[in-house]
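Structure, as structure tokens:
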Amino acid sequence: MSTITVKDGTEIFYKDWGTGQPLVFHHGWPLSADDWDAQMMFFLAQGYRVIAHDRRGHGRSSQTDTGNEMDTYAADVAELVEALDLKDAIHIGHSTGGGEVIHYAAKYGKNGRIAKAVLISAVPPVMVQSESNPDGVPIAVFDEIRVNTATQRNQFYQDITMPFYGYNREGAKISQGIRDNWWRQGMMGGIKAHYDCVKAFSETDFTEDLKSVDIPVLVLHGEDDQIVPFANSAVKSAKLLKNGKLISYPGFPHGMPTTEAATINRDLLAFIKE
């Protein structure tokens with residue numbers, strides 16, 4: 001397996017296929033680089049170099065009990081980018097990975113290594129409800145996710161796939177294989193890291209990150225996203241970005257890179273080629 005060891009000794013697993021302009025994929029909670037299979041295969045065939053890593057505590061990376069927050073996630077990405085000497089890269093993040101992308105771009109983007117970014121079904125600007133974010137999701141929802149992760153994640157990780165992919169909607173065509181693959185990826189990771197990551201994806205405020213980034217950023221979001229509500233995320237992020245573009249999809253679920261891969265890949269390719 002391909003891994004790098006970052007400064008605190010954590011091993012970060014990654015895939016690195018092909019040649020050409022690098023595309024770096026950042027997965028959501030509590031998944032792994034495998035969640036990008038449809039994009040990795042498509043863009044490899046299009047002549048791009050495709051890279052996807054397992055965030056610390058997720059997938060095949062070290063099951064860390066420390067560093068499970070956005071500053072360290074972004075620092076890990078920076079070390080991977082340096083180790084692979086990636087230049088003119090396009091960073092693409094789904095859900096929690098979208099937060100990781102914009103935080104990385106804000107903190108490390110002045111080094112010339114990142115050309116564009118994409119936020120798909122992403123958590124910025126900030127998910128949790130507060131006085132300054134009254135449209136956010138109540139903290140009780142995230143507390144429940146924490147409890148379920150800590151006490152019964154084997155069942156919870158099956159149950160959450162239903163709203164994740166919109167399979168709880170009337171007339172939805174349910175793929176058991178997609179559900180099983182989500183559960184498989186989740187159960188590969190470390191329970192402590194997954195527990196900590198709930199705070200990272202729900203309470204981190206990316207507002208200043210979004211304001212500070214001046215590279216082109218594409219925001220893609222499903223209007224029927226039951227995990228990261230569209231109006232509180234994509235709409236607000238696009239307004240905060242200096243050079244942002246929003247594409248929304250009526251009826252698409254949170255897990256649209258998998259269930260609607262053909263559409264998402266088409267729009268990604270168009271943005272990459274701009």
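Under full-length UniProt numbering, the first residue of the sequence shown carries the number 1, and numbering increases by one thereafter. Cβ atoms here follow ideal geometry from the backbone N, Cα and C, with glycine treated the same way.
Proximity to E11 across K107, M1 and Y104 peaks at M1, based on C-alpha coordinates. Residue environment analysis places D180 among the exposed positions, since fewer than 16 neighbouring C-beta atoms fall within 10 angstroms of its C-beta.
Between the segment 66-74 and the segment 39-56, the count of Cβ pairs shorter than 8 Å is three or higher; the stretches touch. Unbroken beta strand (DSSP E) stretches of 3 residues or longer found wholly inside the segment 33-96: 49-53 and 89-94, given in chain order. Going by C-alpha positions, N154 is about 17 Å away from V198. Here P138 carries a coil assignment [DSSP, helix/strand/coil]. One alpha carbon belongs to N68, the other to F42, and they sit about 30 Å apart. Where W182 is concerned, the enclosing alpha helix (DSSP H) starts and stops at Q176 to M188. For V219, the three-state secondary structure derived from DSSP is strand.
In the three-state reduction of the DSSP assignment, P163 falls in the helix class, which pools H, G and I. Taking the Cα positions, E144 is about 43 Å away from T19.
In terms of Cβ geometry, P216 and E170 do not form a close pair [threshold 9 Å].
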